[in-house]
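A short write-up of the structure that comes next.
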Amino acid sequence: MDRREFLAAMAAVPVLGVQPRPIPNYRIVTKYKPAPQPGMPGPYRGRVVTVHSPRCIDEVTEKVDVPTVKAMIARGMTTLTGDKDPRDSWARFFNAQDFVGIKVNASGAPGAMSMPEVVAEIANNLIAVGVKPTNIVIHERGAGQILLPRYDRFVPAGIRVESANTWLGLDPDVYVEANFFGEEDTRSYLIRMVTEQFTKIVNVPNMKDHGASGVTGCVKNIAYGEFNNVARSHYHAQTETLSFIGTLAAVEPLRSRTVLNIMDGLRGVWHAGPFSRDRKFRFYPKQLKFGTDPVAIDRFLIDVIDDKRKKEGVISVWNRDIKYFSTNQEDWDRDPNMNRSIREPGHIEYASTLGLGVYDTNKIQHTELTI
Amino acid sequence: MKPAPSTVALASIAALVCGAREPQRVEGRRPLYVTSGAARLVEQGLAAPAPTGAEAAAFEEVPHPRVRSVPTVARATNVPWIDSNGWRFQRGIQKANYAKLPAGFAALAAAEAFAFNVDAILNPDPADVEELGKMLQFLKANDQPPLPALANIGVVDDRSSVMGEILNMLTRRNLLYRVVSAPDPALSVTVQLGTPDFPSDAAKNPVEFAARVRAKLGDDNRLVRLYGTGTVIARLTGDGKRARLYLLAFDRSRRRQADDTQAIRIRLLGRYQPAKLAAYGTGSNASLTDLRHIGNTTEFWVPSFNAIALVDLDALP
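Chain order of the listed sequences is A and B. In this text, residue positions in the first sequence follow this note's numbering: the first is 1, and each later residue adds one. In this text, residue positions in the second sequence follow this note's numbering: the first is 372, and each later residue adds one.
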């Protein structure tokens with residue numbers, strides 16, 4: 001399904017509750033051309049590997065079992081690529097000449113974040129195939145929250161933790177311009193680490209509900225986490241997250257350089273995300289997902305979050321009924337049957353229409369393992 | 372008109388008696404006055420003593436500039452709301468009395484009066500006198516003969532309160548306008564209530580009305596665009612050869628954040644070569660970065676600053 005067909009389908013299918021807004025006019029400015037094979041959806045389009053382990057995290061202490069995580073990552077990577085040796089799997093993506101950005105998600109830290117133990121093991125594997133520690137940067141667009149997980153205490157010496165506020169800033173020549181709600185600041189700039197420094201990016205989202213986009217996974221982490229001025233898309237009850245997330249993720253060179261997605265599902269958030277102010281909304285999927293196709297991985301994320309919500313007896317992330325909407329943040333923080341925005345989990349399918357991956361579960365090869 | 376010799380003599384005597392130095396002003400620059408609580412700024416030659424009696428009565432009291440957080444209609448998120456006197460000055464006030472300046476606002480008031488080049492009486496809170504002195508020092512060091520204000524929107528002002536709100540919104544949205552008595556064909560857009568483009572009913576919602584003006588002009592045709600902020604007001608002046616951009620930052624806490632070299636991306640319609648940046652509250656090494664000329668535009672980053680920044684530009688052929 002391409003973008004045109006997607007829009008036609010949206011118009012044809014009756015949507016209970018608030019109708020989606022028309023797709024805004026986007027002006028995409030970049031001098032970068034796509035790689036011959038862009039990182040997204042990459043060589044494993046429509047392929048997802050999920051590795052489960054009941055031992056990976058202690059639900060009471062939230063302590064991560066490092067040996068188990070190491071084993072999960074090794075199995076996930078070899079299963080994805082078909083290699084026997086995990087180093088061969090990693091060497092398909094990275095080599096000694098690369099400068100690698102590890103895009104974590106620290107919104108909601110310390111309660112919700114890309115776990116430092118997972119990030120450390122990714123870094124170890126990069127080093128094992130020759131990437132210099134000084135050429136590895138754990139990063140977020142914004143400063144502040146990225147310091148909370150203390151990634152620096154878990155990773156080998158030489159690896160840096162940076163944000164656009166601390167290193168290189170924004171690239172004035174790569175941005176997406178759109179006027180959503182009459183705002184004055186209509187541009188979202190890509191961070192310069194992506195355009196001028198990284199040759200490759202490993203995308204490491206975690207499993208979270210999101211009050212505006214429905215869920216937040218691979219596509220949103222790489223989009224809203226690498227461009228600035230994105231919150232403007234969800235200042236209102238009805239947001240522009242449906243199309244903005246995928247539009248940003250598809251911008252070059254971000255699309256070409258994001259070559260691997262490892263979704264951290266050791267711990268998740270099933271309501272009031274992307275933050276985790278209240279532990280009662282945290283849960284423990286105890287899994288990692290691997291792939292180069294961010295859409296395919298995110299498609300299953302929707303199920304993980306929505307299944308948990310159903311189990312808790314609350315409304316689906318697809319619910320668009322205005323009666324579940326409140327302008328009072330306290331309502332939403334407290335009550336999982338309250339929405340702060342009309343959620344747009346359809347942003348993942350929309351991203352598929354931009355060529356970022358496969359959304360149809362019938363066309364996704366999903367391998368699930370338990371160790 | 373030259374003052375009578377006796378007036379000059381009296382003024383000289385008064386200055387000697389008070390030990391005050393009348394501040395030297397560049398040609399065309401209108402004076403900033405301070406009340407007696409800030410007399411030491413007069414003594415330092417940074418301001419003139421506030422007039423009294425009938426002369427003072429000619430000054431119209433204006434509120435202090437500030438930014439407030441107001442709730443949005445849709446949800447709990449607050450949005451910044453700028454209270455600027457820019458529209459009052461555009462409408463014709465040339466003598467402003469900042470009679471009530473709570474602590475923390477004197478420097479911004481001085482910057483606002485300077486940017487719009489109006490006579491202003493500043494009555495600072497005692498706690499602000501030192502900061503006000505620094506601001507006046509900064510303004511004095513970076514003064515130059517004011518250039519004509521640039522605008523490509525004309526507003527036919529019917530002097531109604533509704534029109535006042537519209538002018539306020541246009542100022543806050545950095546839609547650079549000039550108040551005109553009749554449509555001026557040299558301007559790209561004329562805003563006149565009761566015309567097909569701007570029916571009177573539309574003025575009931577000034578926010579939407581400003582959006583209508585913006586749409587009519589088109590963002591590509593705006594003289595100034597600011598990215599990265601919603602709390603800075605721009606004023607552009609120029610004479611075809613040179614230009615000066617005034618930036619007034621109302622959000623004090625944000626602008627005071629340390630050393631963001633990319634605080635605001637500026638886009639100017641026209642091709643300019645920046646010649647100088649003077650930004651209050653920054654280090655001496657503060658500079659404009661990532662200058663780009665794209666088509667008939669000029670873009671650059673302005674670093675974080677406090678209250679006011681001045682960008683001097685040379686027009687490129």
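Using N, Cα and C, we set each Cβ at its ideal position, and we do this for glycine too.
| query | result |
| --- | --- |
| Taking the alpha helix (DSSP H) that LYS647/B belongs to, which residues open and close that run? | Here LYS647/B belongs to no alpha helix (DSSP H); instead the beta strand (DSSP E) covers 643–650. |
| For a cutoff of 8 Å on Cβ pairs, would you count GLY182/A as touching chain B? | yes |
| Using 8 Å as the threshold, is the C-beta distance between ALA649/B and PRO674/B below it? | no |
| Quick one: list the residues of chain B neighbouring LEU369/A, beta-carbon separation under 8 Å, in chain order. | Within chain B, no residue comes near LEU369/A; the closest Cβ sits about 42 Å away, beyond 8 Å. |
| Here's the rule I'm using: 16 or more other beta-carbon atoms within 10 Å means buried, otherwise exposed. How should ILE322/A be labelled? | exposed |
| Taking only runs of the alpha helix (DSSP H) that begin and end inside the segment 513–593 of chain B, which ones reach a length of at least 4 residues, in chain order? | 532–543 and 577–588 |
| Tell me which residue opens and which closes the beta strand (DSSP E) that PHE93/A is part of. | From DSSP, PHE93/A is part of no beta strand (DSSP E); its letter is neither H nor E. |
| Touch check for the segment 458–473 of chain B and the segment 534–541 of chain B: three-plus C-beta pairs under 8 Å? | yes |
| Roughly how many whole angstroms lie between the Cα atoms of ILE409/A and PRO36/A? | Given that chain A is displayed from residue 1 to residue 371, the structure contains no residue 409/A and the question cannot be resolved. |
| Could you tell me which of SER107/A, PHE154/A and ASN95/A sits nearest to ALA128/A, measuring between CA atoms? | ASN95/A |
| Taking ALA120/A as the reference, which of LYS220/A, VAL64/A and ALA109/A has the closest Cα? | VAL64/A |
| What residues match up with LEU619/B in a beta bridge as DSSP calls it? | ILE604/B and ILE679/B |
| For ASP307/A and VAL317/A, what's the separation of their Cα atoms in angstroms? | 10 Å |
| Using three-state DSSP, classify LEU266/A as helix, strand or coil. | strand |
| Give a yes or no on contact between the segment 206–213 of chain A and the segment 252–270 of chain A, applying the rule of three or more CB pairs nearer than 8 Å. | yes |
| Could you pull out every residue in the same chain whose Cβ sits closer than 7 Å to the Cβ of ASP331/A, ignoring the five residues on either side in sequence? | MET338 |
| Just to confirm before moving on: does the CB-CB distance between ILE245/A and LYS220/A stay below 8 Å? | yes |
| Determine the closest residue to ILE342/A out of ASP335/A, SER326/A and GLU117/A, with distance taken between C-alpha atoms. | SER326/A |
| If you reduce the DSSP assignment to three classes, tell me which class ASN203/A lands in. | strand |
| When Cβ atoms are compared, which residues of the segment 185–206 of chain A fall closer than 9 Å to chain B? | ASP185, THR186, ARG187 and TYR189 |
| How many angstroms separate the CA atom of ALA646/B from the CA atom of LEU510/B? | 17 Å |
| Less than 8 Å between the beta carbons of ASP18/A and GLN365/A, yes or no? | Reading off the sequence shown, one finds Val at residue 18/A, where the question assumed Asp. Not closer than 8 Å, so no. |
| Within this structure, are the beta carbons of LEU607/B and LEU594/B separated by less than 8 Å? | yes |
| If you follow the beta strand (DSSP E) that SER188/A is part of, which residue opens it and which one closes it? | 187–191 |
| Indicate whether ILE492/B and TYR404/B have their beta-carbon atoms separated by less than 8 Å. | yes |
| At the level of alpha carbons, what is the spacing between ARG282/A and SER276/A? | 7 Å |
| On the three-state DSSP scale, how would you describe SER256/A? | helix |
| Out of curiosity, what's the CA-to-CA distance linking ARG299/A and VAL550/B? | 56 Å |
| Anything in the segment 636–649 of chain B with a Cβ closer than 7 Å to a Cβ of chain A? List those residues in chain order, please. | ARG636 |
| Would you say THR653/B faces chain A, with C-beta separation under 8 Å as the test? | no |
| Taking the alpha-carbon of ALA522/B as reference, which of THR653/B, LEU640/B and VAL603/B has the nearest alpha-carbon? | LEU640/B |
| Going along chain A, which residues have a C-beta under 9 Å from THR600/B? | GLU184 and ASP185 |
| By the criterion of Cβ-Cβ separation under 7 Å, what are the contact partners of ILE288/A in chain B? | The sequence given here has Leu at residue 288/A, not Ile. Chain B residues near LEU288/A: none, gap ~34 Å exceeds 7 Å. |
| For a contact meaning CB atoms closer than 8 Å, what does LEU597/B contact in chain A? | GLU184 and ASP185 |
| So LEU170/A contacts chain B; which residues on that side make the cut at Cβ distance below 7 Å? | GLN633 |
| Specify, as a first and last residue, the run of the alpha helix (DSSP H) that SER352/A falls within. | 347–353 |
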